[in-house]
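The next block holds one structure in the form of structure tokens; read it before the comments.
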Amino acid sequence: MIAFGIAAGAALGGVARYALAGFGWRGTLAVNVAGSFLLGLLLGIDVGRDWLLVLGAGGCGALTTFSTFALEASRGPWQARATIVSITTATCLAAATVGYAIG
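Next up, the structure:
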């Protein structure tokens, strides 16, 4: 049953990520920040192992896309790459921290 829940969470997360796919690095940033916040929130409220697997591994895992972030951060002039890496790292860590604190 947990595997089905993870698959359902992954389907929802994947659809949400697809909806933002056309926005370039800003769309990637948006899904990674949202996923980081949600995972922090789930950990903060201690939803339990099963829900953490379904919502965290399934939903947040499919929503976020750090491989696309890495690809986008490897293109363009070094200043653009450094900006993308800095902004993404700082905002994702901040979002996870805020989510955890709220939870």
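Here UniProt numbering is used: the first residue of the sequence shown is 1, the next is one more, and so on. Cβ coordinates follow ideal geometry from the N, Cα and C atoms, glycine included.
message: Please list the terminal residues of the continuous alpha helix (DSSP H) segment that includes F4.
response: Reading the sequence shown from its first residue, position 4 is the one you call residue 4. Note, F4: alpha helix (DSSP H), 2-19.
query: When the Cα atoms are used, what is the spatial distance from T28 to R17?
result: Here residue 28 corresponds to residue number 28 of the sequence shown, with the count starting at 1. Here residue 17 corresponds to residue number 17 of the sequence shown, with the count starting at 1. Rounded to whole angstroms, T28 to R17 spans 8 Å at the Cα level.
- prompt: What do you get for S86, buried or exposed, if any count of 16 or more other CB atoms within 10 angstroms of its CB means buried?
  reply: One-based indexing of the sequence shown puts residue 86 at position 86. It is exposed - the Cβ of S86 has fewer than 16 other Cβ atoms within 10 Å.
query: Do you know how far the Cα of L55 is from the Cα of residue 104?
result: An answer regarding residue 104 cannot be provided, because it is not within the stretch 1 to 103 covered by the chain.
query: Helix, strand or coil: which one does DSSP assign to A73?
result: Within the sequence shown, residue 73 is the residue found at index 73, counting from 1. Reduced to three states, the DSSP call for A73 is coil.
- prompt: With distances taken between CB atoms, is the gap from G103 to L63 smaller than 8 Å?
  reply: Within the sequence shown, numbered from 1, the residue matching residue 103 stands at position 103. Within the sequence shown, numbered from 1, the residue matching residue 63 stands at position 63. No, Cβ-Cβ distance for G103 and L63 is not below 8 Å.
field: Inter-residue spacing [alpha-carbon to alpha-carbon] between G13 and A3
entry: What you label residue 13 is simply residue 13 of the sequence shown in a count that begins at 1. What you label residue 3 is simply residue 3 of the sequence shown in a count that begins at 1. For G13 and A3, the distance between alpha carbons rounds to 15 Å.
message: I'd like the list of long-range same chain contacts for S74, defined as Cβ closer than 8 Å, with 5 residues on each side in sequence excluded.
response: As a position in the sequence shown, residue 74 is number 74, starting the count at 1. R81, listed in sequence order.
field: Where S67 falls, given that 16 or more other Cβ within 10 Å makes a residue buried
entry: Numbered from 1 along the sequence shown, position 67 holds the residue referred to as residue 67. Burial call: exposed.
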